[in-house]
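Asker:
Protein chains in written order, with full-length UniProt numbering: chain A, 1 to 209; chain B, 1 to 209.
1) May I ask you to verify whether the segment 200 to 207 of chain A touches the segment 145 to 152 of chain A, counting CB pairs closer than 8 angstroms and requiring at least 3?
2) Which partner residues does residue 187(B) have in the DSSP bridge list?
3) Identify whether residue 78(B) lies in helix, strand or coil by the three-state DSSP scheme.
4) Straight-line CA distance for residue 83(A) to residue 191(B)?
5) Identify every residue that forms a DSSP beta bridge with residue 107(B).
6) Start and end of the alpha helix (DSSP H) containing residue 35(A)?
7) Does DSSP put residue 116(A) in a helix, in a strand, or in coil?
8) State buried or exposed for residue 36(A), treating a residue as buried only when at least 16 other CB atoms are found within 10 Å of its CB.
9) Assign residue 8(A) to one of two classes, buried (16 or more other C-beta atoms within 10 Å of its C-beta) or exposed (fewer than that).
10) Cβ atoms of residue 114(A) and residue 31(A): under 7 angstroms apart, would you say?
11) Can you round the beta-carbon distance between residue 181(A) and residue 169(A) to whole angstroms, since I take them to be within the 8 angstroms contact cut?
12) Would you say residue 62(B) lies against chain A (beta-carbon separation less than 7 angstroms)?
13) Does DSSP put residue 99(B) in a helix, in a strand, or in coil?
14) So, under 8 angstroms CB-CB, residue 88(A) and residue 81(A) are touching, yes? Tell me the CB distance rounded to an integer number of Å.
15) From residue 22(B) to residue 162(A), what distance separates their C-alpha atoms?
16) Taking 7 angstroms as the cut-off, decide whether the C-beta atoms of residue 96(A) and residue 107(A) are in contact.
17) Does the CB of residue 38(B) have a neighbour CB from chain A at under 7 angstroms?
18) For the segment 2 to 24 of chain A, list every residue whose C-beta sits within 8 angstroms of some C-beta in chain B, in sequence order.
19) Tell me residue 181(A)'s beta-bridge partners as DSSP assigns them.
20) Beta-carbon separation of residue 29(B) and residue 151(A) under 7 angstroms?
21) How about residue 154(B): is its C-beta nearer than 7 angstroms to some C-beta of chain A?
22) Check residue 71(B) in the structure and name its three-state DSSP category.
23) Given a threshold of 16 other Cβ atoms within 10 Å of its Cβ, counted over all protein chains shown, does residue 101(A) qualify as buried or as exposed?
24) Where does residue 122(B) fall in DSSP's three states?
25) Could you confirm whether any beta carbon from chain A is found closer than 7 angstroms to the beta carbon of residue 99(B)?
26) Need the endpoints of the beta strand (DSSP E) that residue 154(A) sits in, please.
27) Can you round the beta-carbon distance between residue 159(B) and residue 121(B) to whole angstroms, since I take them to be within the 8 angstroms contact cut?
28) Are any of the Cβ atoms in chain A nearer than 7 angstroms to that of residue 187(B)?
29) Take the Cβ of residue 93(B) as the centre, count every other Cβ of all protein chains shown within 10 Å, and call the residue buried at 16 or more, exposed below.
30) Is it buried or exposed for residue 213(B), if we count other Cβ within 10 angstroms and need 16 for buried?
31) Relative to the alpha-carbon of residue 74(A), which residue among 130(A), 119(A) and 11(A) has its alpha-carbon at the smallest distance?
32) Can you pull the chain A residues whose beta carbon is under 7 angstroms from the beta carbon of residue 128(B), in chain order?
33) What's the call for residue 41(A), buried or exposed, on a 16-neighbour Cβ count within 10 Å?
34) Interface residues of chain A around residue 116(B) at Cβ under 8 angstroms?
35) Verify whether the separation of the beta carbon atoms of residue 133(A) and residue 125(B) is less than 7 angstroms.
36) Name, in chain order, the residues that DSSP records as bridge partners for residue 202(B).
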């Protein structure tokens with residue numbers, strides 16, 4: 001299985017981001033509001049009707065299936081629907097990942113009510129989502145080399161508080177088709193979760209390489 | 001740190017679920033529609049304005065901070081905001097977890113566009129979220145015993161397709177304050193991801209026990 005992709009021009013990329021960025025941001029705020037609201041029943045029911053009308057208006061035309069777009073200048077896939085970094089996915093925090101020249105990546109982000117597990121703490125599975133994604137970015141050199149998660153081990157040192165956080169990842173070493181990546185999540189006091197993972201190039205990419 | 005909780009009556013639980021269930025379902029469909037839409041720019045901008053108006057109507061009254069509610073009959077925490085199972089969180093698929101008499105748990109669920117990583121495949125971090133949560137449910141006897149994730153190891157055997165899936169978890173053994181849990185995600189062809197984890201009772205709960 002190879003993955004077909006379309007190249008997207010820098011202008012079109014920016015145009016789409018400008019159009020859809022506010023939509024995603026608005027939906028993200030609505031997700032948060034719908035968790036925290038305690039308005040009267042009538043207002044909740046009116047909200048449902050309004051939301052269903054908006055959804056119907058958006059559903060009038062849809063693109064078909066998944067699209068893998070690559071940016072004409074960076075060569076990187078355009079993170080569109082991804083649940084960690086997608087700028088059209090209201091589930092995504094979204095992570096904005098920075099790549100340094102040495103191959104490390106890092107991101108600073110804020111998690112609110114929608115990501116809560118234990119009271120005032122980030123759900124352990126959300127920490128896993130952040131780290132799986134970030135280690136994958138490091139292992140795949142910014143998603144330019146196809147390397148998918150083989151194994152991932154997470155060590156939870158203490159609860160991760162909701163609020164501003166940082167995550168980092170880097171590649172320790174590579175061996176043939178495997179990259180060994182490490183990373184961590186930090187709050188203002190230091191590391192809360194550590195991760196290590198093995199990311200593997202799939203067979204179709206080895207043959208193509 | 002102990003966690004205060006309020007008991008919620010079965011009637012009030014059902015009333016809230018009936019009121020907020022449709023709101024969350026509507027927001028979840030909107031998340032999906034906003035990823036897949038390709039309507040004209042004007043419709044997208046009108047959607048943003050409508051969504052912002054709904055959010056403002058819901059924000060008029062909010063409950064304060066996290067609330068841990070326990071169901072008067074089951075004694076289990078009420079999954080309200082949780083990003084894996086919360087029936088007020090549009091990020092959650094949501095998982096509806098079944099507990100068997102032998103302590104195993106399982107869930108059948110469907111993941112769509114909002115959970116996609118590689119084309120047509122579930123994001124590895126979303127598999128991690130599902131398994132972290134399900135192993136935690138098994139290890140904590142349905143969240144009635146406080147045991148939080150200590151370590152979690154995930155082994156990705158192959159890509160997990162979008163669509164209908166099943167996940168299972170059980171406790172292998174317990175040792176003092178630790179429970180050793182295992183689990184997996186399956187599609188129609190068999191296992192796609194395996195997990196094992198150590199779940200640990202926090203110090204405050206040991207003292208209280």
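The C-beta atom is built at its ideal place from N, Cα and C for all residues, glycine as well.
For clarity, every value in this text was computed on a predicted model and none was experimentally measured.
Answerer: A quick look at the data gives this:
1) yes
2) 190(B)
3) coil
4) 22 angstroms
5) 167(B)
6) 10 to 36
7) strand
8) buried
9) buried
10) yes
11) 6 angstroms
12) yes
13) strand
14) 6 angstroms
15) 27 angstroms
16) yes
17) yes
18) 3, 19, 20, 22, 23 and 24
19) 171(A) and 197(A)
20) no
21) yes
22) strand
23) exposed
24) strand
25) no
26) 148 to 156
27) 4 angstroms
28) no
29) buried
30) What the structure shows of chain B is the stretch from 1 to 209, and residue 213(B) is not part of that stretch, so it cannot be assessed.
31) 11(A)
32) 125, 128, 129, 132 and 152
33) exposed
34) 66, 81, 82 and 83
35) yes
36) Answer is none; residue 202(B) lacks a bridge partner.
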